[in-house]
Every structure is written in structure tokens, then in C-alpha cells.
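Novice: The listed protein sequences correspond, in order, to chains D and E. In this text, residue positions in the first sequence follow our numbering: the first is 9, and each later residue adds one. In this text, residue positions in the second sequence follow our numbering: the first is 96, and each later residue adds one. Cβ atoms here follow ideal geometry from the backbone N, Cα and C, with glycine treated the same way. Before we start, here is the structure in question, set down as C-alpha cells.
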Amino acid sequence: MLPALVRKTWRDDRSSLIGWAVGVAAFTGIYTSFYSQFQGAAELKQDALPQGMLDFLGIADMLSPAGYLQATIFSLIGPLLVLMCAITLIARTIARPEEDGGMELMLANPLSRAAFAWQRVAAAGSALTAIAAIPWILLMIVVPWIGMDISLSRVAAASAGLVALVWCFAGIAFLVGAATGKRGAVLTITGGLAVATYMVNAIGGMLDGWHWVRWLSPFHYFIGTDPLHTGWHPVELLTLVLLGAATTTAGVILFDRRDIGV
Amino acid sequence: MIHVDRKACPLTDSALRTVGLTKRYGRLMAVDDLTLEVAAGEVFGFLGPNGAGKSTTIRMLLGLIRPTAGRASVVGVDAADVTRAHQVLAYVPGDVALWPHLTGAEILHLLARIGPGTDLAYQDELIERFVLDPSKPARTYSTGNRQKVALVAAFATRAPLLVLDEPTSGLDPLMEREFRTAVTQARDRGQTVFLSSHQLAEVQAICDRVGILRAGRLVEVASVARLRALQRAEVTVAFTGTPPALSAVPGVETVEAIGDGQLRFFLTGPPAPALSVLAEADVTALTVREPSLEEIFLDYYGAEAAR
Ligand SMILES: Nc1ncnc2c1ncn2[C@@H]1O[C@H](COP(=O)(O)OP(=O)(O)OP(=O)(O)O)[C@@H](O)[C@H]1O
Ligand SMILES: [Mg+2]
Chain D
9 MLPALVRKTW
19 RDDRSSLIGW
29 AVGVAAFTGI
39 YTSFYSQFQG
49 AAELKQDALP
59 QGMLDFLGIA
69 DMLSPAGYLQ
79 ATIFSLIGPL
89 LVLMCAITLI
99 ARTIARPEED
109 GGMELMLANP
119 LSRAAFAWQR
129 VAAAGSALTA
139 IAAIPWILLM
149 IVVPWIGMDI
159 SLSRVAAASA
169 GLVALVWCFA
179 GIAFLVGAAT
189 GKRGAVLTIT
199 GGLAVATYMV
209 NAIGGMLDGW
219 HWVRWLSPFH
229 YFIGTDPLHT
239 GWHPVELLTL
249 VLLGAATTTA
259 GVILFDRRDI
269 GV
Chain E
96 MIHVDRKACP
106 LTDSALRTVG
116 LTKRYGRLMA
126 VDDLTLEVAA
136 GEVFGFLGPN
146 GAGKSTTIRM
156 LLGLIRPTAG
166 RASVVGVDAA
176 DVTRAHQVLA
186 YVPGDVALWP
196 HLTGAEILHL
206 LARIGPGTDL
216 AYQDELIERF
226 VLDPSKPART
236 YSTGNRQKVA
246 LVAAFATRAP
256 LLVLDEPTSG
266 LDPLMEREFR
276 TAVTQARDRG
286 QTVFLSSHQL
296 AEVQAICDRV
306 GILRAGRLVE
316 VASVARLRAL
326 QRAEVTVAFT
336 GTPPALSAVP
346 GVETVEAIGD
356 GQLRFFLTGP
366 PAPALSVLAE
376 ADVTALTVRE
386 PSLEEIFLDY
396 YGAEAAR
């Protein structure tokens, strides 16, 4: 039997969880199913844009199935969508109820602060994982269905990277929220960090002598290994997961020690 | 052979105790060296003007904020040990916020599941009495309705200590009466009630003892009866013939004539000497006005406010 706090957290977040799930599913489904129609348009787009721009956007070639999936789902909009979902959902675990006061009544119960925090993060984290796994599930169905010529294992590797990326940024968002109790801080710090590390990964790859900075970016561990061409990279994925676990644990510890609602 | 730990087993039967409890925000002393003890079974009123430090004290009792100095215990348990301390108390925050998308019933259900134990039959009775519609989502509730959800949840627990921060600030007079009934019933069950308030009439009506807090300092702790006794009664008499010779009577102060054949004076202590003087005069009417706690309160703060 799941703790009541976990179930009620899902229930409280129900409408926004459904909204994000529908959004991510629609995004994945629509982009992938238009693969054949996009072929002509993609050629045009590729001619129109300079090579440097294509590299930055991560859409080096849109004609191969791997290139197409990379360009549409995995390079920009996909991660952007799931990370926005992660940041807003994680902001609801502690920062938002602390700011609007809804946490005070809960914390007056015989439940340690750490238990409260873990249960909130378990509820939000599991919902978030399900949402981030939607592209994975849909691609496993749609890719063979429309006859895209790409190994499903490689698509799965890239999709797993998306989930791992979400865990990493969810951990960071949780740490900020648990440490500050401020929703604005969660949104700006985590959002800013996501944009900055995305840029570091994108630009670092293009500048000679600066390739190493990409190692600082979570995006490198997610997509820098080129999973759609090279398959699984367990060490990189594990790095993201461990980063998420470490930041979450640090968040719980800090939350346990500070004053609430000040 | 049973070893009795003296610290774990308090000598007195106290429901709440603070020793030198202090909270400082930067240079502001929100609560300053507060030492207070509330006995089990008592209804204790914690009175003070805005910003006196009532909520800050309560939030330290709940372990939501850590004291800068001093300590607090509830029913013999260190307040910082929240998992144990919260087994013995229920809390109603000063500003009740609920999770917006849950209904009142879902919130009550959650609180009953994670709380210190709830009497569900009594909870249903309280929902009726407080005229709460638990089927609506919390975001649609008014301030008073949110407060009712928290009150119903707290009163329905069997926790030995109820900590209520300005529990009636959002209630209408009818609901305030229900609230008083619920406090009386809690007292009858042996629960201790610690409530903060601005509402002096309420404290006067339901509390056994009152602590008055000003600028973070506890300025007085007294029974409601004694606090009133500190205060003088205002007596007005109408008479015919010679005025009663009150000036030298013990306990009588500031005698003044107000209009034709009327006197007003203030009386402290036992009224017998003044009454015997009045008995000799031809008194046609007599009114005695007892000061409300409000006036006592204003006496405490009057000087401060007038400064
Ligand atoms: N987080 C905080 N940071 C700085 N000062 C604070 C903080 N919380 C409270 N204070 C200050 O501490 C003092 C006591 O506040 P508190 O909320 O305890 O008062 P109160 O007695 O509950 O007042 P009210 O009757 O208005 O509820 C006030 O001067 C308040 O401004
Ligand atoms: Mg207050």
C-alpha cells in the first residue's frame, strides 16, 4: 500500500500531470508520424541553413531516420518540453506549498521532514518518469509502424537518455526548492542552468580546443554520445542518474535542517 | 528494577513547557526569553497585539522553525523531535492554506491517515456542526471554510494537546459559538488547548489562564479571574439628599460628581466597606461595570500605544 501522502500528491497534481502527458504524447506522435511528409521540406531546410547553424541546432542531417529523430525529438524541443515539465512539477513538491502555506498543516503531523520530502519527491518523480518515458513508449510503436529504418535498441538508448536527463534536472530543481523554499528560485536557477548547459554542449562541440567543456553539461551525457547512431552508453546514463540522486539527497538533508516558511 | 529517567519523566504534569525560548530574525527579537508552562487539561490563552511573536512561538513549538536559544517541550517530548512530539499534538495554523486541487474530504482523509489518530465519528459530527461542505475542492473555499477544515481535523484527533493559532479569525459569530463548544468538549475529554488570540471576549469566555505577550516578551501570566481582579470596577450611584462620604473608604478611588445627585468612583478589592457607606445614604440607583479583558488589555498596551 502506497503512503497516503504519495497518492494525495498525485491527486492534487492530477490535472497538470494529464496535461503534460497529453502534450508530450502529441508532440512525439505528430512529429514522428510526419516523417515521410517531412522529407521534402527537410531537404529545403537543409539547403537554406548554414552548416554551423545546423550543428548548433543538432540537426546535421534530417534525411536519415536517426538524423530525423535527432532533429525533431531529441535535440531541442523534446528535452525542452520534458525539462519544463520536470521543473514545474518539482517546484510543487516543496517550494510552492511552502510559499502558499499548504505545507505547514502537513508538517504538523507525526512524520519526519525527511519522510515528507522523500514521499513528495517519490510521487512527483514517478509521475515525471512516466511522462518522460512517453516518447520512448510511442517511438517503440510508431517507428516500426511507419517503417523507419533504424534499430529500436538505438532509439531506446536515446529515449532512456531523455529519462535520465529529466532525473538529473529534477534532482537539481528539487535541491534548489528544498534549500530555498522559493518557487521563483527553482524556476530561474534550474531553467537558467538548463539553458546554459545546453549552450555549453552545443557550442563546446563546435570550438576547437574547447571540446572538454561539454563534459560539464548534462546534455553531453544525454545526446553527446550520439545514441541514435552508437546505441547504449550505460556509464553516461548512470552519471545523469547519480547526479539526480545526489542532488535529491542533498535537498532532503538541507530541507531537514532549515526553518520552514520564513 | 526499573530505572526512572528524570528528564524523560517530567515532575509536573505539564502539557507544554518552554524554557528561555528565543527567536531572533536579524536584529529583531521576535520571541525573547520566553519561559512558560501550561498544565495538562488547561485552556490557555496566548494574547498579544500584531507582531508580538505569538505565531513565532507556536511555530517553534511545532519544530517548523528552530529556536535561536532555549527549548520547548510538548507533553514531555522535546519539540524538536517532531515525529514523537507530533504524536501528541494537533495544530491549526494562523493562516490555513490547503492543497488546492484536493477536496475538503480528501484533505481530512489525508490528515487522518498521517495524523496522530482521528475519531472519525466525531469528525463527521464536527463537519455537520461547522456546516462544512467537504465535497468541494479546496481552492474554492473561503478563508473561514479553510479554517474550518483545519479545525475539524484538529478537534477530531485525540491528541492530548491542541495548538490553535488565532483559530476564530475567519469564523462568523455562529461558528465561533460552535468553536467554543468544541473547546469545552476537548477540555472535558482532558485535552489541553493552547490558543493564540486577539479576541479578548473569546479568551475571557473560554480560557482558564492567559499569557500576555508584548514585543516578544511575556509580560503577564494569570488566571482570567485574577487578571480581572487586578482591574478596578467602575461604580456609578444616584442618590437623594446628602452625598455618601466615600473619599476615605478603603478601595475607593477618584470619586467624582457627575451631574446632579450622581457620583462615579472606581473600586478595587473587596467591596464591603464601600457598600456599607452606600447603605447609609439614600441611593436610588447603582450600576457596577466590570472591565472587559479588552480594557485590561488596553491598560497594558495603552501606555505603549500613547507613547
Ligand atoms: N520570517 C521572518 N523574518 C523576519 N521577521 C519575522 C519573520 N517572521 C516573523 N517576523 C517578525 O517577528 C515578529 C513576530 O511575528 P509573529 O508572526 O510571531 O507575530 P504574531 O504575534 O503572530 O502577530 P499576529 O497577531 O499579527 O499574527 C514580527 O515583528 C514579525 O515581523
Ligand atoms: Mg500570528
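Quick one: using the 10 Å Cβ neighbour count with 16 as the cut-off for buried, is A94 of chain D buried or exposed?
Specialist: Against the first sequence, residue 94 of chain D aligns to sequence position 86. By the 10 Å Cβ count, A94 of chain D comes out buried.
Novice: At 7 Å on the CB atoms, spell out the chain D contacts of D208 of chain E, in chain order.
Specialist: Start at 1 with the first residue of the second sequence, and residue 208 of chain E comes out as number 113. One point to set straight first is that residue 208 of chain E is Arg, not Asp, in the sequence displayed. The contacting residues are A12.
Novice: Is Y76 of chain D a contact residue of ligand 1, with contact defined as CB to any heavy atom under 7 Å?
Specialist: Walking along the first sequence from the start, residue 76 of chain D turns up at place 68. Not under cutoff, so the answer is no.
Novice: Give me the Cα-Cα distance between D20 of chain D and H196 of chain E, rounded to the nearest whole angstrom.
Specialist: Here residue 20 of chain D is taken as the residue at index 12 of the first sequence, counted from 1. Here residue 196 of chain E is taken as the residue at index 101 of the second sequence, counted from 1. Straight-line Cα distance between these residues: approximately 5 Å.
Novice: Helix, strand or coil, according to DSSP, for Q357 of chain E in the structure here?
Specialist: Translated into positions along the second sequence, residue 357 of chain E becomes position 262. If DSSP states are grouped into helix, strand and coil, Q357 of chain E belongs with the strands.
Novice: Does any C-beta atom of chain E lie closer than 8 Å to the C-beta of V260 of chain D?
Specialist: Within the first sequence, numbered from 1, the residue matching residue 260 of chain D stands at position 252. Not an interface residue.
Novice: Under a CB-based cut-off of 8 Å, is T113 of chain E close to chain D?
Specialist: Position 18 of the second sequence, counted from the start, is the residue given in the question as residue 113 of chain E. Answer no: the Cβ-Cβ gap between T113 of chain E and chain D never drops below 8 Å.
Novice: If I follow the unbroken beta strand (DSSP E) through A312 of chain E, where does it start and stop?
Specialist: By one-based count along the second sequence, residue 312 of chain E stands at place 217. Note that residue 312 of chain E is Arg in the sequence shown, not Ala. R312 of chain E -> beta strand (DSSP E) spans 312 to 318.
Novice: I'd like the span of the alpha helix (DSSP H) that includes K243 of chain E, first residue to last.
Specialist: Locating residue 243 of chain E in the second sequence gives position 148, counting from the first residue. Per DSSP, K243 of chain E belongs to the alpha helix (DSSP H) from 238 to 250.
Novice: Since I153 of chain E meets chain D, which of its residues come closer than 7 Å, beta carbon to beta carbon?
Specialist: Counting from 1 along the second sequence, the entry for residue 153 of chain E is found at position 58. Residues of chain D passing the Cβ test: none, with the nearest at roughly 10 Å.
Novice: Taking a cut of 7 Å between CB atoms, which residues from the region 176 to 187 of chain E lie near chain D?
Specialist: Hits within the stretch, in order: V177, T178, H181, Q182, Y186.
Novice: With a cut-off of 8 Å, does the C-beta of R19 of chain D fall near any C-beta of chain E?
Specialist: To locate residue 19 of chain D, count along the first sequence from 1; it is residue 11. True, the Cβ-Cβ gap to chain E drops below 8 Å.
Novice: At the level of alpha carbons, what is the spacing between L341 of chain E and G143 of chain E?
Specialist: If you number the second sequence from 1, residue 341 of chain E lands on position 246. If you number the second sequence from 1, residue 143 of chain E lands on position 48. Each residue's Cα considered, the two are about 37 Å apart.
Novice: Just verifying my parser: in three-state terms, what is the DSSP assignment at A380 of chain E?
Specialist: Here residue 380 of chain E is taken as the residue at index 285 of the second sequence, counted from 1. In the structure shown, A380 of chain E sits in a strand (DSSP, three-state: E or B).
Novice: Cβ closer than 9 Å: which chain E residues qualify as neighbours of G269 of chain D?
Specialist: Your numbering for residue 269 of chain D matches position 261 in the first sequence. The answer, in chain order, is R154, L159, I160.
Novice: What's the gap between the Cα of G269 of chain D and the Cα of A147 of chain E?
Specialist: Start at 1 with the first residue of the first sequence, and residue 269 of chain D comes out as number 261. Start at 1 with the first residue of the second sequence, and residue 147 of chain E comes out as number 52. C-alpha separation (whole angstroms): 18 Å.
Novice: So, does the CB of R22 of chain D fall closer than 8 Å to a CB anywhere in chain E?
Specialist: Here residue 22 of chain D refers to the residue found at position 14 when the first sequence is read from its first residue. Yes, its Cβ sits closer than 8 Å to a Cβ of chain E.
Novice: So that I know if they touch, is there some Cβ in chain D lying closer than 8 Å to that of L106 of chain E?
Specialist: As a first step, residue 106 of chain E is located in the second sequence; it is residue number 11 there, counting from the start. For L106 of chain E, the predicted model reports a pLDDT of 42, less than 50, meaning its position is unreliable and no value from the coordinates is stated.
Novice: With hydrogens ignored, establish whether the beta-carbon of E261 of chain E is closer than 7 Å to any heavy atom of ligand 1.
Specialist: Numbered from 1 along the second sequence, position 166 holds the residue referred to as residue 261 of chain E. True, at least one ligand heavy atom lies under 7 Å from that Cβ.
Novice: Can you give me the start and stop residues for the alpha helix (DSSP H) that I307 of chain E sits inside?
Specialist: For the purposes of this step, residue 307 of chain E is taken as residue 212 along the second sequence, with counting starting at 1. Taken as a continuous stretch (DSSP letters only), I307 of chain E belongs to no alpha helix (DSSP H), being part of the beta strand (DSSP E) at 304 to 309.
Novice: Let me see if you follow: with CB-CB separation under 8 Å, is P229 of chain E close to chain D or not?
Specialist: Translated into positions along the second sequence, residue 229 of chain E becomes position 134. For P229 of chain E, the answer is no, since every Cβ of chain D falls outside 8 Å of its Cβ.
Novice: Does the distance between the C-beta of S150 of chain E and the nearest non-hydrogen atom of ligand 2 fall short of 7 Å?
Specialist: Taking the second sequence and counting its residues from 1, one reaches residue 150 of chain E at position 55. Because some heavy atom of ligand 2 lies under 7 Å away, the Cβ of S150 of chain E counts as near it: yes.
Novice: My output table needs one value for R15 of chain D: the three-state DSSP class, helix, strand or coil.
Specialist: Here residue 15 of chain D is taken as the residue at index 7 of the first sequence, counted from 1. In the structure shown, R15 of chain D sits in a helix (DSSP, three-state: H, G or I).
Novice: Do L236 of chain D and A166 of chain D have their CB atoms nearer than 8 Å?
Specialist: The residue given as residue 236 of chain D occupies position 228 in the first sequence. The residue given as residue 166 of chain D occupies position 158 in the first sequence. Contact: yes.
Novice: Return the bridge partner residues of A164 of chain E from the DSSP annotation.
Specialist: In the second sequence, the residue the question calls residue 164 of chain E occupies position 69. Paired residues: E:T117.
Novice: Can you tell me whether DSSP reads P338 of chain E as helix, strand or coil?
Specialist: The residue given as residue 338 of chain E occupies position 243 in the second sequence. Looking at P338 of chain E - three-state DSSP - the assignment turns out to be coil, as it is neither helix nor strand.
Novice: Can you tell me whether N117 of chain D is buried or exposed? The criterion is at least 16 other CB atoms within 10 Å of its CB, across all chains shown.
Specialist: Against the first sequence, residue 117 of chain D aligns to sequence position 109. With 16 or more other Cβ atoms within 10 Å, it is buried.
Novice: Among the residues of its own chain, which have a CB less than 6 Å from the CB of W28 of chain D, if the five just before and after it don't count?
Specialist: On the first sequence, residue 28 of chain D is found 20 positions in, with the first residue counted as 1. Excluding sequence neighbours, W28 of chain D sits near C93, I139.
Novice: Let me make sure I understand the geometry here. Which of E:R119, E:V133, E:G189 has the alpha-carbon closest to that of R112 of chain E?
Specialist: The count along the second sequence starts at 1 and reaches residue 112 of chain E at position 17. Considering only alpha carbons, the answer is E:V133.
Novice: Tell me whether L123 of chain E counts as near ligand 1, meaning its Cβ is closer than 7 Å to at least one heavy atom of that ligand.
Specialist: The sequence position of residue 123 of chain E within the second sequence is 28, counting from 1. Under cutoff, so the answer is yes.
Novice: Could you tell me whether any Cβ in chain D is nearer than 8 Å to the Cβ of V126 of chain E?
Specialist: Reading the second sequence from its first residue, position 31 is the one you call residue 126 of chain E. No, because no Cβ of chain D sits closer than 8 Å to the Cβ of V126 of chain E.
Novice: Rounding to the nearest angstrom, what Cα-Cα distance links G311 of chain E and S150 of chain E in this structure?
Specialist: Within the second sequence, the letter at position 216 stands for residue 311 of chain E. Within the second sequence, the letter at position 55 stands for residue 150 of chain E. About 11 Å.
Novice: Roughly how many whole angstroms lie between the Cα atoms of L251 of chain D and P87 of chain D?
Specialist: Translated into positions along the first sequence, residue 251 of chain D becomes position 243. Translated into positions along the first sequence, residue 87 of chain D becomes position 79. Taking the straight line from one Cα to the other gives about 17 Å.
Novice: Can you tell me whether T257 of chain D is helix, strand or coil according to DSSP?
Specialist: As a working note, residue 257 of chain D is residue 249 in the first sequence. T257 of chain D falls in the helix class under three-state DSSP.
Novice: Would you list, in chain order, the members of the region 110 to 123 of chain D that have their beta-carbon closer than 9 Å to a beta-carbon of chain E?
Specialist: Cβ contacts with chain E come from G110, M111, E112, L113, M114, L115, A116, N117, P118, L119, S120, R121, A123.
Novice: Any heavy atom of ligand 1 closer than 7 Å to the CB of G140 of chain E?
Specialist: For the purposes of this step, residue 140 of chain E is taken as residue 45 along the second sequence, with counting starting at 1. Result no, Cβ not under 7 Å from ligand 1.
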